[in-house]
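There are 2 protein chains.
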Amino acid sequence: MTSRNPQQTRDNLIQTAFQEIHRHGFQGMRVDEVLRLSGLRKGAFYHHFSSKTALGYAVVEEQIRPLVRSVWLEPLAGMDDPIRELPRMLDALPERIPPMMREHGCPLNNLAQEMVDQDDGFRQRLLEVLNEWIAALETMIERGKIQGYLREDIDSRAVARFIVAALEGCIGLAKVDRSPEQWSACRSQIAGYLETLRPVAG
Amino acid sequence: MTSRNPQQTRDNLIQTAFQEIHRHGFQGMRVDEVLRLSGLRKGAFYHHFSSKTALGYAVVEEQIRPLVRSVWLEPLAGMDDPIRELPRMLDALPERIPPMMREHGCPLNNLAQEMVDQDDGFRQRLLEVLNEWIAALETMIERGKIQGYLREDIDSRAVARFIVAALEGCIGLAKVDRSPEQWSACRSQIAGYLETLRPVAG
DNA sequence: GATAGAACAGACCAACTGGTGTGTCTATAG
DNA sequence: CTATAGACACACCAGTTGGTCTGTTCTATC
């Protein structure tokens, strides 16, 4: 019998809940099922979380936010020329992400689209993560301008927002028609779009 | 007391259900609430539909599909130069769609993202609608090629898919951060992308 | 090693949820 | 006018859902 480890118990609940939310949405996620999968009881659950919603918030903060950072933010750090390196990063993406994300799409966008109109707590937290992502892209674009890789008259924020929108759109489309093989085609179009940001006179 | 009108009763249920699904998702939609809003009873409901899921299917076929056709397909019919006319259409879009769509986003994409992994009946029907949309764009692009408005070496299907993906992505993003005013910025980026499809030597 | 509080187990519950069954009314064909 | 089937109303239900309550066990601290 493993000794008590409250931190591990809490993590267990959050990770299991994350997977269930990813599969069925937050409304479709069942507390009892999370308990069954994690081998815990009601007592444990409501000791660590005040409600199902509180667990959902924790999943956003402690699972989705770090995941977005590692998948989308970190690769941006050392990027010089976005036009050349972003498509390359998108190529390597399918191998970098957990298999679950290829099946069920982006956890951030899934949960956001579902819960934004249902609960303001979700909206605030998910919007924070989304804005962090957009801001990181914006920073990269600004840097690209300074280094002469990008035109200086482009609207960095608008471009950053569009990149995120296009990515989420492509992921969502691939999820619906279950065509991961179309990802490269999608990447090519994004690469084409990025070319519009290239300075005219090199 | 209004006389009986089964067709109107059925439409009433479908339209009310459509709004409730749009607001809360299919899983969040409650049969009892639809009944309350439409002023009908369980007897009426299960006379016209065999289950909640059957109602959902009817909503896709009889509400979402026609809506997609009128909003996205019909404006494509008379288009000659997509690069010039598509952005113009996107400008006029906010006034052409019902206000509900500005709040809650695209009913097609919302329902698709939610239900694709939950129910194969939804997946098939929603995929059909989506493919009809993509096919219409593809046709327009092919026409644009022939008429010399677009480069001939572009992958029509990939471009069509990306346009849909970008649109759904932008709508989804606007839904999350509730910034309809960013729509024009988003439109500009799409317009920029479309420029990449322009023939080189006019 | 006593003890207080944290970390659970497990039984229980009220509200809700989709769905059923029976009966009644109404339109329509003959 | 009457028979018949469609179009509902209404009472009812079994299973599920998130959540509570009480009690027990572990563990850190003095």
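Here the protein sequences come in this chain order: A and B.
Remember, our numbering sits 6 above the position in the first sequence when you count from 1.
Remember, our numbering sits 6 above the position in the second sequence when you count from 1.
Note that the Cβ used here is the ideal one computed from N, Cα and C, for glycine as well.
So A:Cys176 and B:Ala142 are in contact, right, with Cβ under 8 Å, and what is the actual spacing, rounded? Here residue 176 of chain A refers to the residue found at position 170 when the first sequence is read from its first residue. Here residue 142 of chain B refers to the residue found at position 136 when the second sequence is read from its first residue. No, A:Cys176 and B:Ala142 are not in contact; Cβ-Cβ is about 19 Å, not under 8 Å.
Which runs of the alpha helix (DSSP H) at least 4 residues long sit entirely within the stretch 31 to 74 of chain B? Give them in chain order. 37 to 44, 48 to 54, 58 to 65, 71 to 74
Report the residue ranges of all alpha helix (DSSP H) runs contained in full by the stretch 143 to 190 of chain B; include only those spanning at least 4 residues, in chain order. 162 to 183
Short CB-CB distance (under 9 Å) between A:Gly34 and chain B: Here residue 34 of chain A refers to the residue found at position 28 of the first sequence. Closer than 9 Å to some Cβ of chain B, the Cβ of A:Gly34 qualifies, so yes.
For B:Glu91, collect the residues of the same chain with a Cβ closer than 6 Å to its Cβ; drop the 5 residues on either side in sequence, then sort them by chain order. Here residue 91 of chain B refers to the residue found at position 85 of the second sequence. For B:Glu91, where only same-chain residues beyond five positions count, the Cβ hits under 6 Å are Met85.
Partners in chain A for B:Ala118, counting only beta-carbon separations shorter than 7 Å: Your numbering for residue 118 of chain B matches position 112 in the second sequence. The answer, in chain order, is Val182.
Which one of B:Leu114, B:Val165, B:Asp125, B:Leu41 has the shortest CA to CA distance from A:Gly178? If you number the first sequence from 1, residue 178 of chain A lands on position 172. Residue B:Leu114 is the option with its Cα nearest to A:Gly178.
A:Arg131 to B:Gly49 span [Cα, whole Å]: As a working note, residue 131 of chain A is residue 125 in the first sequence. As a working note, residue 49 of chain B is residue 43 in the second sequence. Roughly 42 Å between the two C-alpha positions.
What three-state label does DSSP hand A:Cys192 in the structure shown? Taking the first sequence and counting its residues from 1, one reaches residue 192 of chain A at position 186. DSSP places A:Cys192 in helix when its eight states are reduced to three.
Nearest neighbour of A:Thr145, chosen from A:Pro88, A:His54, A:Gly45 [CA to CA]: Reading the first sequence from its first residue, position 139 is the one you call residue 145 of chain A. Out of A:Pro88, A:His54, A:Gly45, A:Pro88 has the C-alpha closest to the C-alpha of A:Thr145.
Who are the neighbours of B:Glu174 on chain A, taking C-beta pairs under 9 Å? What you label residue 174 of chain B is simply residue 168 of the second sequence in a count that begins at 1. Ordered by position in chain A, the residues that pass the 9 Å Cβ test against B:Glu174 are Ala171, Glu174, Gly175, Gly178, Leu179.
Would you identify the three-state DSSP class for B:Ile103, choosing helix, strand or coil? Walking along the second sequence from the start, residue 103 of chain B turns up at place 97. Three-state DSSP puts B:Ile103 in coil, outside helix and strand.
Alpha carbon of A:Ala166 to alpha carbon of B:Tyr155, nearest angstrom: As a position in the first sequence, residue 166 of chain A is number 160, starting the count at 1. As a position in the second sequence, residue 155 of chain B is number 149, starting the count at 1. Those two C-alpha atoms are separated by around 28 Å.
If we count the other Cβ atoms within 10 Å of its Cβ and call it buried at 16 or more, is B:Gly45 buried or exposed? On the second sequence, residue 45 of chain B is found 39 positions in, with the first residue counted as 1. It is exposed - the Cβ of B:Gly45 has fewer than 16 other Cβ atoms within 10 Å.
List, in order along the chain, the chain B residues whose C-beta lies closer than 9 Å to that of A:Gln195? Counted from its first residue, the first sequence places residue 195 of chain A at position 189. What A:Gln195 touches in chain B: Asp161, Ala164, Val165, Arg167, Phe168, Ile169, Ala171, Ala172, Tyr199, Thr202.
So B:Gln124 contacts chain A; which residues on that side make the cut at Cβ distance below 9 Å? The residue given as residue 124 of chain B occupies position 118 in the second sequence. In chain order: Arg29, His30, Gly31, Gly34.
A:Gln14: contacting residues in chain B (beta-carbon distance under 9 Å): Sequence index remark: in the first sequence, residue 14 of chain A carries index 8 (1-based). Near A:Gln14 there are no residues of chain B at all, since even the closest Cβ is about 29 Å away, more than 9 Å.
Pairwise C-alpha distance: B:Glu67 and B:Arg10: As a working mapping, residue 10 of chain B is identified with position 4 in the second sequence. As a working mapping, residue 67 of chain B is identified with position 61 in the second sequence. Taking the straight line from one Cα to the other gives about 24 Å.
Could you tell me which of B:Ser56, B:His30, B:His28, B:Met35 sits nearest to B:Arg16, measuring between CA atoms? Sequence index remark: in the second sequence, residue 16 of chain B carries index 10 (1-based). Residue B:Ser56 is the option with its Cα nearest to B:Arg16.
Hey, is the stretch 179 to 186 of chain A in contact with the stretch 150 to 164 of chain A, meaning 3+ C-beta pairs nearer than 8 Å? no
Beta-carbon proximity check, B:Gly62 vs B:Met35, cutoff 9 Å: Taking the first residue of the second sequence as 1, we reach residue 62 of chain B at position 56. Taking the first residue of the second sequence as 1, we reach residue 35 of chain B at position 29. Their beta carbons are under 9 Å apart, which means B:Gly62 touches B:Met35 by this criterion.
Pick helix, strand or coil for B:Val77, following the three-state DSSP scheme. Residue 77 of chain B sits at position 71 when you count from the first residue of the second sequence. Three-state DSSP puts B:Val77 in a helix.
Specify the secondary structure class of A:Met85 as computed by DSSP and reduced to three states. On the first sequence, residue 85 of chain A is found 79 positions in, with the first residue counted as 1. Here A:Met85 sits in coil by DSSP.
Which word fits A:Ala98, buried or exposed, when buried means at least 16 other C-beta atoms lie within 10 angstroms of its C-beta? Within the first sequence, numbered from 1, the residue matching residue 98 of chain A stands at position 92. Result: exposed.
So that I know if they touch, is there some Cβ in chain B lying closer than 9 Å to that of A:Ala191? Taking the first residue of the first sequence as 1, we reach residue 191 of chain A at position 185. Closer than 9 Å to some Cβ of chain B, the Cβ of A:Ala191 qualifies, so yes.
Our contact map puts A:Leu200 next to A:Pro93 with C-beta atoms below 8 Å; I'd like the distance itself, whole angstroms only. Taking the first sequence and counting its residues from 1, the one referred to as residue 200 of chain A is at position 194. Taking the first sequence and counting its residues from 1, the one referred to as residue 93 of chain A is at position 87. Their Cβ separation, rounded to whole angstroms, is 7 Å, which keeps A:Leu200 and A:Pro93 in contact under 8 Å.
Enumerate in chain order the residues of its own chain whose CB-to-CB distance from B:His110 is below 8 Å, with the five nearest sequence positions on each side excluded. Walking along the second sequence from the start, residue 110 of chain B turns up at place 104. Excluding residues within five positions, the ones whose Cβ falls inside 8 Å are His28, Arg29, Asn116, Lys181.
Collapsed DSSP secondary structure at B:Ala115 in the structure displayed: Against the second sequence, residue 115 of chain B aligns to sequence position 109. The sequence shown places Asn at residue 115 of chain B, rather than the Ala named in the question. B:Asn115: helix per DSSP, three-state reduction.
Local conformation of B:Leu203 per DSSP, three classes: Numbered from its first residue, the second sequence carries residue 203 of chain B at position 197. B:Leu203 falls in the coil class under three-state DSSP.
Give the residues from the stretch 83 to 101 of chain A that approach chain B closer than 9 Å (Cβ to any Cβ), ordered along the chain. none
When burial is assigned at 16 or more other CB atoms within 10 Å of the CB, is A:Met7 buried or exposed? As a first step, residue 7 of chain A is located in the first sequence; it is residue number 1 there, counting from the start. For A:Met7, the pLDDT reaches just 44, beneath the cut-off of 50, and the residue's location in the model is therefore unreliable, leaving the point undetermined.
Which of the three DSSP states is assigned to B:Met7 in this structure? Counted from its first residue, the second sequence places residue 7 of chain B at position 1. Note that B:Met7 scores 44 on pLDDT, short of 50, meaning its location in the model is unreliable; the coordinates nonetheless yield the value given after this. Coil at B:Met7, not helix or strand.
Please name the residue, chosen from A:Asp125, A:Gln153, A:Leu96, A:Arg108, that lies closest to A:Ile211 on a Cα-to-Cα basis. A query on residue 211 of chain A cannot be resolved here, the shown segment of chain A reaching from 7 to 208 and no further.
If I'm right that A:Val65 touches A:Phe24 with Cβ under 8 Å, what's the distance once you round it to whole angstroms? Mapped onto the first sequence, residue 65 of chain A falls at position 59. Mapped onto the first sequence, residue 24 of chain A falls at position 18. Contact holds; Cβ gap of about 5 Å.
Label B:Val135 either buried or exposed according to how many other C-beta atoms from any shown protein chain fall within 10 Å of its C-beta, with 16 as the threshold for buried. As a first step, residue 135 of chain B is located in the second sequence; it is residue number 129 there, counting from the start. Classification for B:Val135: buried.
Would you check if the distance between the CB atom of A:Gly31 and the CB atom of B:Gly31 is smaller than 9 Å? Walking along the first sequence from the start, residue 31 of chain A turns up at place 25. Walking along the second sequence from the start, residue 31 of chain B turns up at place 25. Closer than 9 Å, so yes.
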